[in-house]
Structure formats: C-alpha cells, structure tokens
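**Student:** Which chain is which? The protein sequence lines are E and W, in order. Terminal number for the first sequence in my numbering: 1015, no gaps in between. Terminal number for the second sequence in my numbering: 205, no gaps in between. In this text, a Cβ means the ideal position worked out from N, Cα and C, and glycines have one as well.
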Amino acid sequence: MTKEEIIEEEDEESSFTMSRRTFIKLAGAAGAGAAAFGYLKFSPKKLMTAGAEPDPNEGDAGVSMVRSFCLMCHSDCGIQAKIKDGVILKLDGNPYHPANMDYTSDNDLVAEDEVDFDPTTDVGTLCPKGQAGIMTMYDPYRVRYPLKRTGPRGSGMWEKMSWKDALDEIKDGGDLFGEGSVAGLSAIRDVTNPIDPGDIYDDGERDPAKTSLEYWGPKSNQLLVFYGRNMQSDFTTRFTKKAFGSKNHHGHTSICEATQKVAHEHTFRNSDYDYSRSGLDQGFKIKGKDHFKPDIKGCDNLVVAGAAYLEANFPMQALARYSMEAIENGTEVWSVNPRFTKLAGKGSNWIPVKVGGDSALGIGLLKYIIENTQYDDAFLRACNSTLSPNGGAWTDACFVVREDTGKYVLDTDVGLPTPTDTPVVWNGSAFERHSDSVSAPTLDYTGLYDFGGGNVNVNSVFNLLKTHVSDANYTFAYLNGQAGLTGLTGKTIQKVGEFLTETGKRTAIDYYKGPSQQTSGYSACRAYTLVNVLLGNIDKKGGMNAGGGHYSYSAPAVNGGVSESGMYIDRHGKHYNGVTPTPARQWFPYASHGVCQDIWPSVKMGYPYKVKAVIQYYQDYMYTYPYNQIVRDTMTDLSATPLIVSIDAFMGESSAMGDYILPDTCYLERWTIYHSHPTVKTVVTAIRQPVLQDKITNVTIAGHSTKVYVSPLSTLTGTSFTTVDDFLDAFEGPMLLEDMLSALAIKMGMPGFGDDGITSGKNMYTAWDYYDEFAKSGDLGEGLVPSTMDYMTIAGQFENPANVYDAGDPTLLNHRYEGVCTLYVEQMAGDVNILNGSDTYPSFPRVEGLKDIAGNDLTDEDEYEFALISHKAVQHTQSRTAQNPWLMMLQPENWAEINTEDADELGVTTGDWVRLVSPTNTEGVRIKVKVSEHIRPKTIDVPWGFGHWEFGSKPYFVDGTSSGSDKRVGGGFYVNSLMRADPFYYDNSKPAASTSDRIGGSANQYVNFVKVLRG
Amino acid sequence: MALANQRGFYYDMNRCIGCHSCTIACKAENNTDLDLNYRWVMEVEGGTYPDPTRHFFSTACHHCDEPACLKACPFATMDDPGASTTGNPNENAIVKRGINGDMDMDDGIVYIDEEFCTGCKRCVWACPYGAPQFNESTKKVEKCHLCKHRVDAGLKPACVNTCVGKALDSDTISDIESNHSGTVKEVTGLPSENLTSPNVRITDI
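1. Pair every Cβ in the segment 896-903 of chain E with every Cβ in the segment 851-863 of chain E, then say whether three or more of these pairs are closer than 8 angstroms.
2. If contact means a Cβ-Cβ distance below 7 angstroms, which residues of the segment 306-331 of chain E contact chain W?
3. Can you find a C-beta in chain W that's less than 7 angstroms from the C-beta of residue 487/E?
4. In chain W, which residues lie with their C-beta within 9 angstroms of the C-beta of residue 900/E?
5. Which residue marks the beginning of the alpha helix (DSSP H) containing residue 128/E, and which one marks its end?
6. Check whether the Cβ atoms of residue 392/E and residue 980/E lie closer than 7 angstroms to each other.
7. Does residue 137/E get closer than 7 angstroms to chain W when you measure Cβ to Cβ?
8. According to the Cβ coordinates, are residue 536/E and residue 376/E closer than 7 angstroms?
9. Should residue 356/E be counted as a contact of the ligand GDP given a C-beta to heavy atom distance under 6 angstroms?
10. Taking the straight line between their C-alpha atoms, what separation do you get for residue 72/W and residue 123/W?
11. Pair every Cβ in the segment 701-719 of chain E with every Cβ in the segment 204-214 of chain E, then say whether three or more of these pairs are closer than 8 angstroms.
12. Measure the C-alpha to C-alpha separation of residue 78/E and residue 100/E and round it to an integer number of angstroms.
13. Just the Cα atoms here: how many angstroms apart are residue 495/E and residue 63/E?
14. Output, in chain order, the set of chain W residues within a Cβ distance shorter than 8 angstroms of residue 919/E.
15. Near residue 144/W, which residues of its chain fall below 7 angstroms by C-beta distance, leaving aside the five closest residues on each side in sequence?
16. So, helix, strand or coil for residue 190/W, using DSSP?
17. Use the C-beta contact count for residue 761/E: other C-beta atoms within 10 angstroms, 16 or more gives buried, fewer gives exposed.
18. Which parts of the segment 726-763 of chain E are runs of the alpha helix (DSSP H), unbroken and 4 residues or longer, counting only runs that do not cross its ends?
19. Between the alpha carbons of residue 338/E and residue 468/E, how many angstroms are there, rounded?
20. Output needed for residue 834/E: all residues of its chain with C-beta closer than 7 angstroms, excluding positions within five of it in sequence on either side, in chain order.
21. Report yes if the C-beta distance between residue 589/E and residue 774/E is below 7 angstroms; otherwise report no.
22. Is it the case that the segment 134-144 of chain W contacts the segment 40-57 of chain W, given that we only count it when at least three CB pairs across the two stretches are under 8 angstroms?
23. Return the CA-CA distance between residue 969/E and residue 629/E, expressed in angstroms with no decimal places.
24. Look at the alpha carbon of residue 941/E and the alpha carbon of residue 876/E, and state the distance between them as a whole number of angstroms.
25. Thinking residue 636/E and residue 600/E are a contact (beta carbons under 8 angstroms), I'd like their distance in whole angstroms, please.
26. Relative to the C-alpha of residue 696/E, which residue among 766/E, 754/E, 345/E, 231/E is closest?
27. Just the chain E side, please: which residues come within less than 9 angstroms of residue 19/W by C-beta, in chain order?
28. Run through DSSP, which three-state label would residue 93/E get?
29. Specify the secondary structure class of residue 23/W as computed by DSSP and reduced to three states.
30. Identify the continuous beta strand (DSSP E) that holds residue 457/E and give its terminal residues.
31. Assuming residue 264/E contacts residue 288/E under a Cβ cut-off of 8 angstroms, what Cβ separation, rounded to an integer in Å, is found between them?
32. Below 7 angstroms on C-beta distance, what does residue 163/W contact in chain E?
33. If the criterion is Cβ atoms closer than 7 angstroms, does the pair residue 403/E and residue 457/E meet it?
34. Considering only residues of the same chain and omitting the five flanking positions on each side of residue 731/E, which have a CB-CB separation below 6 angstroms?
35. Please go through the segment 206-253 of chain E and give each complete alpha helix (DSSP H) segment of 4 or more residues, from N-terminal end onward.
36. What's the call for residue 14/E, buried or exposed, on a 16-neighbour Cβ count within 10 Å?
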C-alpha cells in the first residue's frame, strides 16, 4: 500500500470513540508484543462494545488519590488523580489549591487535616481541559521512541533509534542524513573562542569598544534552545546557559503577553532603580512586578479590557468563580472587547471597542480622570512609602522632571547637601529628596530652575502627564467616532470614565492579551495600568496587586558552571551601538521578555550570527507563530538550521519538521515546583509530581543511587547500570526531559551534571536528583519524601485562602506590592528607535495606530477592511489540546464569526464558505462563516486551537509503519498564515516576522486585516 | 406522587459560565461513548448588536415525578413495585427508585437497567428533555442516573463536583427548595413542567 492509501484507510478507522481504558488494555497487550514488531503500531479501532460502567468512588478498595497540578493551560490549577490498578481513572480539582476551591484552614499554613472541608469526599473544581488531560497521558499517537528522519524534513518518514544512539549522534554530529556533515553539540560547545567571523552577519554592528567574544559571545551561543510552555525552565536554563554556555535560551512570551509584562515592570519597577543612569541599557534592567490582577470579589465596579475571564486567562477557574460570586453580590463588570465575550454576557455593559483602539481608549480614560480631577490625590502625592495611604505603595507623580533632558531632577542637580542621586519633589517652597519626610509635596508643580546654563522649565511628573493628555490630538473628538481609533463615541469613553470614578465605589480596570498583542501594545498596556495608579487602587481591597506570591524555594545551584555572555539572537535588552549606522534588523532595548517571533526569521537570515543547532522543547511555533510561513521557510533551510532536535511527547507541527524527536513524558509524569498567579491573593507553592507513583523506580547509575520515572509507555530493563550509556541502552520509550538532558550533559562532560554536579556536593543524574534537592530548599525543606510535612500529599504549600485582607486594616490587601508606581518612564526620555530617528520611545503612553517595526504608519490596508481576531475557546490552549477527543467533541470545528450587518452586505449566511485574503497571504484561507450579533461590525473572530495538520491528524511513518491517525484532530480552520508579514522586512526581501510591538516586543496578533471574498 | 426524599438538580443560570466542565466530568465519571452525553450545555444567543445576550443552559435527566421515558417504555411499568424491596424484581427496563424498584430507596432517581433495555428508543422519543440517548455500539439506551453510585456513597454527582461557576448542585428537592428561594421548574425554551413534573429547580436569569 502507498502512504496515501494507508492514510485514507486509517481515516476510516478512527480511534476517537475508544474509551481510555480500552486504550490502556490495548496498550498493555501491544506493549508486550512491541519487541517482536519493532516499532509499535497504534491504529486502534472503534472498540466500544459493552455498556459503560461508572468509575469506582474515591474511598473504594484499591482506589488511591494523588495530587499534583495541571498543565492543560497555564492556569496551573491543582489536580487530584483517582487511580486504580496503575491506571488514572479521573482527574478532579485539588481541593487544597486555592485556584480550585475557596475554603478556610485553621492555621496560616494549610495542613492536610486542618481545613473546613472533608478531603475524603470534597474535591475542587476542574475545567474541561484539565479533566481531559487524562487523554494527553493516554493519547495513542504519542511519540514512543527516539526518532530520526529518513526523508527530507517534514516528509513524515522516520526511523526508530535507541536512546544511546540518538544522543550520540546529536552529540557527535557527522554525515547524519546523507546530506553532508552536520556539527554535533560537542563541536558547538566551545565556551572560550569567539564565533567564526564568517558566521557573523555584519561585524560592523558590533560595539567597537567590545571584542567579538565579549559582544557576540562564544561559539556555544550557536546552540538555540527554543521552548514554548516550558515549566522546567529552571532546569533548561541550567542545561543551556550554565552548563552548555549558550545565552540563547528563548521562550514564547512575546506571542502571549510580553508587552503587558513590560508595561507592568516599567510601572511597578524594583526600588533599586539606578537614577544615576550610568548604563545605556537601564531600560532592560527594570525588572519589577510583571503582572497585577484585581481583587475581583472586593471590586464594586470592574472594567475588563481584552481579557476573557470565563474562557481563558489565568487561573481561569479562580477568575470565573470570583467573578460569578462578585456579580451575584452586586459587582458590576463592564467588558471592553470587539467580541461579546462570555464575561460580557454575564456583566452589565459591553463596550465593543474597535480592534486596535486600546491605546486611544486608555489615553481617553486618563484624560477623563485628570481633567475631571477624579484621581486619588493623596495616593499620587505619596512620594515615598511612609506617606502611602495604601499601606506602602507610592508614586513618582510629584517627582520633578527637567524639560531639556526629560530626566528626573536629582538632589545632585539642585545642590542639596550630601547628594545621593535621588530624585526631588517640590514642597511648596524648595526641592526636597522624595525619600525625606516631605510634609506637602506639590502634585501639579511647574517652575524654572537654572542648572548652570540658564533657566530650564521644570515640572512635576503629574503636571507633565496632565499636559500630555491635553494634547490637541487627544481630544475626545479624535479618540472617538469613525475616524478615530476606538470606534466609540466620546460619550461612551466618558461613561467608562464615570464608571471607574463613581464616588464611594472600589473600582479597577484589568486587561490582558488583547491590548498587549498589538503594535501599539506598550502604550495601550501602560495607559490601562496608569488608570489604576490614578485611581489609587494599588494594594487596596477591590484594587490591583501582584497576588500572594509563593513561599521560598530555589533551584539547585550549578557546581562549576559557565557564565553566559554575548548577544541574544533576538537582540532583546540591548541598545544598538554598532559602527554600521543602522542595524539590518530591529533591536529591542526594552523587550525584557524577548521577541520570539523574530527568532525564526533571524535564524533564517543568520542574524546577528548563524545558529548551528536548535533544540525545541514543548513548543509548536509552526502552528503558534503569527505569519507562520517563516517557520517553515527556516526549518526547511538546511544551511540556516543544520540540526533541529525536538523534545516532544507528540508529533506536533514543529517536531514534524525537525531531524530528531526525543520523546518526552507528559505533565502528569513529571515534577515541577511553581507558584500561582496574581489573581490568587494568598501564598501558593504548587508541586507537580508523577501521579503514577509506583512508576518511580529505584536505580543505580554509575554507582549513584537515584530514582527514575518509567512511564507506562516505557520499559527499563535492570536497575543497576555501570555507565550512563548502559542506562540509556536499557531504557525504551518516553523519558523525562531532565533525565535525557542530564544523560546527554554527562556524556558531554558538561559542568552541573553527574558527580558533584550540584553545589551542595550532590550528584546530578536525574530529575529526581534535581527536584529532591529543589524541595530541600527554602520553606519546603525536606525533599520529595518529607518526613514531617505534608506538602507532597496536598501537592504544595498553601496559605489559608481566607487571608486575603489585612487583619489590621481590611480596606487593604494582605500581601501588598508596597513599591513605587511609576507614571513616567524616565529612561525612555530622549531615546529613539534606531531604525527611525523620529520615533521616540514613550515615557508616557500615547495614542498610536498600526505601525511597522521601524515605527512607520501602516495605512496601506484600506481595501482590507476586516480586522481578524481570535480567542481561546474554553476547551483549548494554544497548540496542545486538539488531539483530545472529549474537547473536540464539544466543538468539532471553528468558524469565522462576522456581524449580521456585514453578512447581509456580503450576501452570506451561517455555514457559507468565504475566502479570507490578506496582504501577506493573497491566496487566502477558505473558511465557513458564522453570522452573529456578538461581534463588532468589520471584525472577524476565528476561535483558536483548530485546524492542525499534524499532531495525530495524519500519520507519520516509523521504519515504514504508520503511526495511525485521526483526521478529527485537524478539525476546523487555521488562519495564522493570514497575519501580516512586517512590510519593513518583507518589502526589503529580508526574512520577515509578523508585525510587532517594537517596544514591549509582543507579536501583533489582533490588528491584522483581511478582505472577505465569497465562495 | 412526589417522594419525600426525591433527589434532583439545582441550577443557577446566572452563575453558569458555559465551560462544559459538567459535560466532561460526566464523561470521565461514567465512561460514556464519545458522541453520547448524559449532561450537556446549550448556548443561547439573542439580542441585536450592540445589545446582544448570551445564556447557557446545562441540562441532563430531570428524574421526573412522572417520567415520560418510563411511561413510554414497553418493558417497564410505574405501578408494579413487586414483592421485593431491593433491586429490580420486576425486570423493569426503566426504574424510578422507590416507585417501581429499589423499594428501600426513596430518592426517585430514574435509571435505565441495561439488562432489560431492548433499544426500542420509545423513551428517546418520549422524553421532552432529550435525556435518554441511543448508543449505536451497544444498541441500548443510556442516560443520566444522577451518579447513583456516588449518591449512595454520600458523594455529589461528578457534574456538580466540578462546576466551575458554582451553578450546579444536587440534593433532595426539599433541601434545594429550602436553600434557594424563587426557583422554577421551567424557563424559556424548556417544555412545560406539567408534562413530567421534572425534579430540577432553576434560578432563572
């Protein structure tokens, strides 16, 4: 049979209807025969022949419960697995985790049996994704052995390898594919010599004051470790940066929320900010609190802009439970979103802002609050912590700024005695250090001061902001209406302002991904954040703060590691300072969370230097990138990407394009120590552990006694191994990320692994070694087998969830930020975009439309009149949920939702086909239409998570045998290929990224335009 | 002929977020066939831009006082409890506990006894709520049994346990009515309560 015939036949015998226990039975039987058949073929048929039987109850004989936490999305809620006979029967919510349940404990630190619920019968809630996670574990299309491609990249043709052979080839390189010699990781790992000049795109872009080694870094930087939802990042940082010596350990944050994090950090910055401005890259060093969330249950009036509480965001369950309780108790929730979200349906008002209008709406709200003197005067006047009416939080509103430089006026500048480079405020008659006991700082100050060269205008930050929002361009007439960016009337903007400033009400505005993922995201996010600062709600009941945080813990230190140095592939955190006047691509001095959408095009371009090997982990950029064509272009370019190794439990779209796949275990089969999110106002340390505890196996490797997790899909022959190679040869099947990378590191002789790999003198061979030591740190303290504490039983350390408010002052949250709230981003003053001298970095948020990466207006899209947006349906997360039959059953495919008015004009009705065409994708995407009243006109919403073309939706072949497949995994439509390639690159024939926020670094995922053609 | 300790569901439409957790919890608990759900959530969109509405309705078997399924079943009868007080002595294919079987129980849970179901689908046609569903694999009908295996062990049904918005509960009808005032048995879009006297109590929007 041909490959195509096999695929066709398998489409007929889909596995979707198989129950998981049938699968397990089958897996057991097939597992026994696996050796005889070589690669195990999974093509199970529809096997439901008997009536379903319900699960046994918790408490029944032979039923055990193991608690952990989830990763079906990044809410990280607690889970509780019901297990019998070595099989996970059901996943519920861990009742001890505050994301899953509200309860009270007897003491501040929750203990197993000192709570007001019965843990033998009460469980926490769990969303559909979380419950369906059981199918991630038992998915029949999981990658089961190390694979090496036997055809061209993306051909779907693989051969099975042993762990030892796969790791040896990756380590040693050679003519691995019959296509010429490929450098292995050992050759790349040179931490002392500079990158070959021939591998550097333009050495004229180097800071001439630095050597090539100092500036670009050592050859080891030519390994790129590129990950997605990596919750083992402490470990992968250890491997990549501290042991391998590559700076290029990059995550996915900029296709998620990077800009909102940067806006938060710039507003809620660390108190050790260096006012002396000695470093050019001070901007990058502002690492403050990166996420605030409202105290929802304490709010009277809450505005939610571009965040979908009941569908996504995190933790979705806590947001939903708090919101529903709050609304029942009288909280009014207004939703700002071009889409009528599920939250909008529950709230009291929907503000259908135009796509891309958030910066204008945010400025409009600041303008309303200032011009109607609705700001919190006492809070803004608090120029230090002592003066704070909010239990510690204070602002720079009274700081004085000199007009000529845009910098804060320091005590040094105005001749105060014993100066310490500290900003000053005006006290009505003189300057004083803001940190002194100022009795009456002037909020709205303007004056003159002679710094030595004649009088200079000096103004308080608040005065500058007041002037800024009074800009003639920022009239409500400009902000509103057809020609304006918000698409709202001035009256509507004022109504939102009134809602947020209603006398006697606790109010807040929350936002998330919508405002963040636009080219104007930085200003949009800063504006919304500053609304909260002006409202003075920071750390207050019903206000915003960073949540309860976590108890102390720290990752095991590296014994004898190397220091990363040089330049990130995505040039984030650096001002361009080269000899060549302008760099060939944009640099991102303020994007402290990276610019991942620029990484694949940079790799394609060999910029700023060539990459020699890529390790992908827990990511699927082929699917998740906006303008994803660039990923395929790069991954099929063997000179740009000589070696691609994927660590993945599944045949994701990206893994399918690589050279090797090293099969990972799933999230129910690993350890992680992590926190919760700012939505939760009490302290949380959450512990993830393999829920099938009997699979944790005692072994001895090279004389070191440790444990390894052996998945039900894996086998380990023997328990004592003379060498790491002997262990690898005895192991078949998926292996923990930490176990495989530790083995590789030990074989390569990397520091931080093997004997004495951990600073404390401990050996570092396995995930167990790592997390046992991790759990001996800080407040956990007793490792993975605690003798006196119950944190492994309840899967974490949790503070009494009732401790939300300050016992002494219940108008304040208990766990407070207490730091500075910065209205004015001083270090941006005078700083300009290196590619465009007229594009300044904004110390205050500004109204901004769609721009390219150089800050030029993109106004050539008039004929593309529909804005293309998307949202996460509650049952999906990014790229990793569509393989789950229960979730796809809820909605087999997605659609393009358009307003009735537009549908009438186009002459289409629900179920009709249209073609969406964009400036980048002129061929377009055919998709079915859903006509509704639930979306702003001239807007198209395509729910995210559908339209996979790998991931089990089609088979891959191992040694000629099909993996089996189910085309329903690929149900629905995928539209990222419509997102615009940045014309700054595209028109200049450079490998293009999607359009992006040039400040915060986020990819633009919401302001992309398409034409709608019939048929 | 309401039983004193009749059980049923409570559902608050205001608090339902339409997340489908209940549907999936039921699947996980009862190991149902992929395309067959004992509980499901409907989404009702209405209104006109810019003032649209969206409501959810989570529904399952309502364990009615006058179950149309049971009355339509050729292999079950309401009025023959039989001599034994336990089990299903009269081989009724649909049992209402305490009425025509399981006479030691008085919670009125309605369940299908797979042993005696012939898959004739009369109950599927009769139920105004669409609760009984035909399983193409087994050629029998299945439906929500209020997780009687859990209720009998003093536990809540799986769907109730996992309800993220805290919209769903299950208890005796008398306790539901004393805990929640102003509930109704019928909302817009649902059939008349007079058809079957359903044991669901709803807080309407």
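**Tutor:** Walking through what the data contain:
1. Under the three-pair Cβ rule at 8 angstroms, the segment 896-903 of chain E does not count as touching the segment 851-863 of chain E.
2. Listed by position, the residues of the segment 306-331 of chain E near chain W (Cβ gap below 7 angstroms) are 310, 317, 320, 321, 324, 328.
3. In the first sequence, counting from the first residue as 1, residue 487/E sits at position 487. Between residue 487/E and chain W, the shortest Cβ-Cβ separation is not below 7 angstroms.
4. Walking along the first sequence from the start, residue 900/E turns up at place 900. Per Cβ cutoff of 9 angstroms: 48, 49.
5. By 1-based counting over the first sequence, the position of residue 128/E is 128. That run of the alpha helix (DSSP H) goes 128-132.
6. The residue you call residue 392/E lines up with position 392 of the first sequence. The residue you call residue 980/E lines up with position 980 of the first sequence. Contact flag unset, no.
7. Working through the first sequence from its first residue, we reach residue 137/E at position 137. Closer than 7 angstroms to the CB of residue 137/E there is not a single CB belonging to chain W.
8. In the first sequence, residue 536/E corresponds to position 536, counting from 1. In the first sequence, residue 376/E corresponds to position 376, counting from 1. Yes; because the gap between Cβ atoms is below 7 angstroms, this pair is in contact.
9. The ligand GDP is absent from the structure shown, which contains no ligands of any kind.
10. Locating residue 72/W in the second sequence gives position 72, where the first residue counts as 1. Locating residue 123/W in the second sequence gives position 123, where the first residue counts as 1. Approximately 6 angstroms between the Cα atoms of the pair.
11. Taking 8 angstroms as the limit for Cβ pairs, the verdict is that the segment 204-214 of chain E does not touch the segment 701-719 of chain E.
12. Reading the first sequence from its first residue, position 78 is the one you call residue 78/E. Reading the first sequence from its first residue, position 100 is the one you call residue 100/E. CA-to-CA, the gap between residue 78/E and residue 100/E works out to about 6 angstroms.
13. Locating residue 495/E in the first sequence gives position 495, where the first residue counts as 1. Locating residue 63/E in the first sequence gives position 63, where the first residue counts as 1. The alpha-carbon atoms of residue 495/E and residue 63/E are separated by roughly 56 angstroms.
14. Translated into the one-based positions of the first sequence, residue 919/E becomes position 919. Within 8 angstroms Cβ-Cβ: nothing; residue 919/E doesn't reach chain W, min ~28 angstroms.
15. Along the second sequence, read from residue 1 onward, the residue named residue 144/W stands at position 144. Cβ neighbours of residue 144/W within its own chain (closer than 7 angstroms, five residues either side excluded): 38, 39, 60, 61, 131.
16. Along the second sequence, one-based indexing puts residue 190/W at 190. Reduced to three states, the DSSP call for residue 190/W is coil.
17. As a working mapping, residue 761/E is identified with position 761 in the first sequence. By the neighbour-count rule (16 or more Cβ atoms within 10 Å), residue 761/E is not buried but exposed.
18. Taking only runs of at least 4 residues, the alpha helix (DSSP H) segments lying wholly in the segment 726-763 of chain E are 737-748.
19. Along the first sequence, one-based indexing puts residue 338/E at 338. Along the first sequence, one-based indexing puts residue 468/E at 468. If you draw a straight line from the Cα of residue 338/E to the Cα of residue 468/E, it is about 27 angstroms long.
20. Here residue 834/E refers to the residue found at position 834 when the first sequence is read from its first residue. Once the five neighbours on either side are set aside, the close Cβ partners of residue 834/E are 576, 582, 583, 587.
21. Here residue 589/E corresponds to residue number 589 of the first sequence, with the count starting at 1. Here residue 774/E corresponds to residue number 774 of the first sequence, with the count starting at 1. Taking 7 angstroms as the Cβ cut-off, residue 589/E and residue 774/E do not qualify as a contacting pair.
22. The way I'd put it, the segment 40-57 of chain W doesn't touch the segment 134-144 of chain W; fewer than three beta-carbon pairs between them come closer than 8 angstroms.
23. Here residue 969/E is taken as the residue at index 969 of the first sequence, counted from 1. Here residue 629/E is taken as the residue at index 629 of the first sequence, counted from 1. Separation of residue 969/E and residue 629/E (C-alpha to C-alpha, rounded to the nearest whole angstrom) is 21 angstroms.
24. Position 941 of the first sequence, counted from the first residue, corresponds to residue 941/E. Position 876 of the first sequence, counted from the first residue, corresponds to residue 876/E. Each residue's Cα considered, the two are about 15 angstroms apart.
25. Locating residue 636/E in the first sequence gives position 636, counting from the first residue. Locating residue 600/E in the first sequence gives position 600, counting from the first residue. With 8 angstroms as the limit, residue 636/E and residue 600/E do not qualify as a contact, their Cβ atoms being about 11 angstroms apart.
26. Position 696 of the first sequence holds residue 696/E. Residue 696/E has its Cα closest to that of 766/E, out of 766/E, 754/E, 345/E, 231/E.
27. For the purposes of this step, residue 19/W is identified with residue 19 of the second sequence, where counting begins at 1. Neighbours of residue 19/W on chain E, chain order: 127, 128, 310, 311, 316, 317, 320, 342, 874, 875.
28. On the first sequence, position 93 is the one that residue 93/E refers to. If DSSP states are grouped into helix, strand and coil, residue 93/E belongs with the strands.
29. Residue mapping note: residue 23/W aligns to position 23 of the second sequence, counting from 1. It is helical.
30. Residue 457/E sits at position 457 when you count from the first residue of the first sequence. Looking at the DSSP string, the run of the beta strand (DSSP E) that includes residue 457/E is 455-460.
31. Sequence index remark: in the first sequence, residue 264/E carries index 264 (1-based). Sequence index remark: in the first sequence, residue 288/E carries index 288 (1-based). The distance from the Cβ of residue 264/E to that of residue 288/E is about 7 angstroms, consistent with a contact at the 8 angstroms cut-off.
32. In the second sequence, residue 163/W corresponds to position 163, counting from 1. Ordered by position in chain E, the residues that pass the 7 angstroms Cβ test against residue 163/W are 125.
33. If you number the first sequence from 1, residue 403/E lands on position 403. If you number the first sequence from 1, residue 457/E lands on position 457. Result yes, Cβ atoms of residue 403/E and residue 457/E sit closer than 7 angstroms.
34. Within the first sequence, the letter at position 731 stands for residue 731/E. When the five nearest sequence neighbours on each side are left out, the beta carbons in the same chain lying within less than 6 angstroms of the beta carbon of residue 731/E are those of 163, 716, in order along the chain.
35. Annotation note: the segment 206-253 of chain E contains the following uninterrupted alpha helix (DSSP H) runs of length 4 or greater, listed N- to C-terminal: 212-215, 233-237.
36. In the first sequence, counting from the first residue as 1, residue 14/E sits at position 14. Residue confidence is low: residue 14/E scores 44 on pLDDT, short of 50, so the model does not pin down where it sits. Its coordinate-derived value is still stated next. Its Cβ being crowded by 16 or more others within 10 Å, residue 14/E is buried.
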